[in-house]
Amino acid sequence: MQTPVTIGRLAREAGLAAETLRYYERIGLIQPVQRTRSNYRLYDGEAESRLRFIRRAQNLGFSLAEVKELLDIGSRVENDMGEVKALTEQKLAEIDFKIADLQRMRTALAQQTECCPGHGSVANCPILASLTDAEGAMPVRERGGRRVSQPPCTVAQS
């Protein structure tokens, strides 16, 4: 992008809504290079590059606040790349935790589906019974620092 473009054109080229770009401007992710006499925002190639950066970072799980922090760190060449690495390692740890949590949920759900015959009255449904149980027969997290194991089929099958 050689000549500055309006917010509408930049939004179309980036596949975003103009309101999204206005929001990004409000939170400091992008800035117009100038405004026209009619007060229209004009953006240059730097804004387009930043939008690609934002999209890639979001696709890797970074929040907009984290993206802003990465952009701020990257905007000053005197900053140390260790800051970027530390933020990335923190994001990786969060993702690992989410994966472990999803694995626990998957295991609990798989155990419950094995217990359910898939036919008959819902009055005998082990899945619904486990969700109704006050103790929560389908644990998805650890309790008190220890893993709570899922008992095998908690409701008699008919």
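At position 6 of the sequence shown the residue is numbered 6 (the UniProt record's numbering), and the sequence of numbers has no breaks. In this text, a Cβ means the ideal position worked out from N, Cα and C, and glycines have one as well.
One thing to note: Ile27 has its Cβ within 8 Å of the Cβ of Lys68. Residue pairing by DSSP places Gln34 opposite Leu42 in a beta bridge. Secondary structure of Thr3 (DSSP, three-state): coil. In the three-state DSSP reduction, Arg76 falls in the coil class, being neither helix nor strand.
In the three-state reduction of the DSSP assignment, Ala17 falls in the coil class.
Counting C-beta pairs with one atom in each stretch, the segment 82–98 and the segment 115–133 have fewer than three that are closer than 8 Å, which means they do not touch. A straight-line Cα-Cα distance of about 45 Å links Glu48 and Ala108.
Judged by DSSP in its simplified three-state form, Ser63 adopts coil rather than helix or strand. Thr6 is a Cβ neighbour of Leu42, given a cutoff of 8 Å.
Taking C-beta atoms under 8 Å as the contact rule, Leu71 and Arg50 qualify, at a distance of about 7 Å. Taking C-beta separations shorter than 6 Å and ignoring five residues to either side along the sequence, Leu64 has no partners in its chain. Nearest neighbour of Gly45 by Cα position, chosen from Ser38, Asn39, Phe53, turns out to be Phe53. The distance from the Cβ of Gln34 to that of Pro4 is about 7 Å, consistent with a contact at the 8 Å cut-off. Short of 8 Å from the beta carbon of Leu60, and not among the five residues preceding or following it, lie these beta carbons of its own chain, in chain order: Lys91.
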